[in-house]
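Just so we're aligned, residue 75 is where the sequence shown starts under the numbering used here, counting upward by one. Taking it in order: structure first as structure tokens, then the write-up.
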Amino acid sequence: MADTATALEHASLPGIITTGLLLGFVHVLTGPDHLSALIVLSAGSSWRSCQLGMRWGCGHSTGLIVVTAIFLALNQQLDVDTFGSYCDFMVGFLMMGLGLWSLRYYLLLRRKLQQKHQPAGERTPLQLESQLRSEEDSASDTEVQKMLHAHHLDHEGSSADAKMDPSQPKTCCFGLIKGDIKNPRTQKITAFAYGTAHGLAGTGGVLGVLPAVILNDWIKSSAYLGAFCVSSIIAMGGFAALYGEVTGRMSRFSDSSLMRVGIFSSCVSLVVGIMWVILVSTGTLDEVFG
């Protein structure tokens, strides 16, 4: 990394921008911690999950900018590696929490579907959703109302399928919508927050911050950091769109397909989070993913 940063000092502006674009693209798409968070949020959705990926990328860029600002404010005395290690430890627990949160949602949803399933003929997830919504009382409607929310965007379901009663939405602390992982607002906040945490952590800080500050030229530094951020936003938007569309098509075959996609995605995030914490604790994270 030091060699790359040194080489950038003598590079032209287009070369610096190109390097920033390439490093940003490679960085976000080769990090299992990055991908695991997005596959949970975009699972069983559609290509429109692109906006979740881009929100994650915006959060990631925000984290990088914060680290850069702190680094410069402290006259480049901040130990980026140590700071990133603490943040990596936090990221591991966040991924575990996201995986458990999503796994709980799909397991509860599977139980509800099993209880409400009618033996007469095969029913699609949208048909079950419509049936469940009409039968559930207001105390438990959020568990079902958001089921397959993204499927509404791609199916020709009737307007009755899309109706929900927003008159008295459940809320939690600070008046936010209750923590339903399939709630669109919750997903947007989660994507940005997780992206910010990843931007503060580990190799993201090293790749994004060190070359930017070692250039000692505001124009070149801004060009590099901007290119790195733009590349990461586009890359994660593309990944989320692809994963959302593929798993969305898979989940439309049957209810069991929907459950498998959701549970698989949740378990990936949980396993990666556990692995992340172990690697950070043993000091081998950079050796494996450095």
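We put the CB at the ideal spot given by N, CA and C, even for glycine.
In this model, SER325 and GLY336 are separated by some 9 angstroms (Cα to Cα). With a cutoff of 8 angstroms on beta-carbon distance, ALA275 and GLY158 are scored as near each other. If you keep only unbroken alpha helix (DSSP H) runs of at least 4 residues inside the segment 75-141, you get 76-83, 87-103, 106-116. Residue range 292-325 is occupied by the alpha helix (DSSP H) that includes PHE302.
GLY133 sits away from ALA314, with the two beta carbons spaced by 8 angstroms or more. A direct Cα-to-Cα measurement between SER330 and HIS84 gives close to 57 angstroms. Proximity to ASN290 across ASN149, ARG323, SER343 peaks at ASN149, based on C-alpha coordinates.
Annotation: the continuous alpha helix (DSSP H) that includes THR270 extends over 258-274. Here DSSP, grouped into helix, strand and coil, assigns LEU148 to coil.
Put simply, of ILE113, THR156, LEU146, LEU138 the residue whose alpha carbon is nearest the alpha carbon of GLY357 is THR156. By the C-beta density criterion, SER306 is buried, having at least 16 other C-beta atoms within 10 angstroms. LEU168 and GLY94 have their C-alpha atoms spaced approximately 27 angstroms apart. DSSP places GLY171 within a helical segment (H, G or I) once states are collapsed to three.
Of the candidates LEU126, PRO258, ILE293, ILE293 places its Cα closest to the Cα of PRO88. For LEU344, the enclosing alpha helix (DSSP H) covers residues 329-356. Apart from sequence neighbours up to five positions away, the residues of its chain that approach PRO106 with a beta-carbon distance below 7 angstroms are VAL346, ordered along the chain. With a threshold of 16 other beta carbon atoms within 10 Å, THR321 meets it and is buried.
By a beta-carbon distance limit of 8 angstroms, ALA301 does not contact GLY137. Their separation comes to about 17 angstroms.
Shown here, ILE255 sits in coil according to DSSP, grouped into three states, outside any helix or strand.
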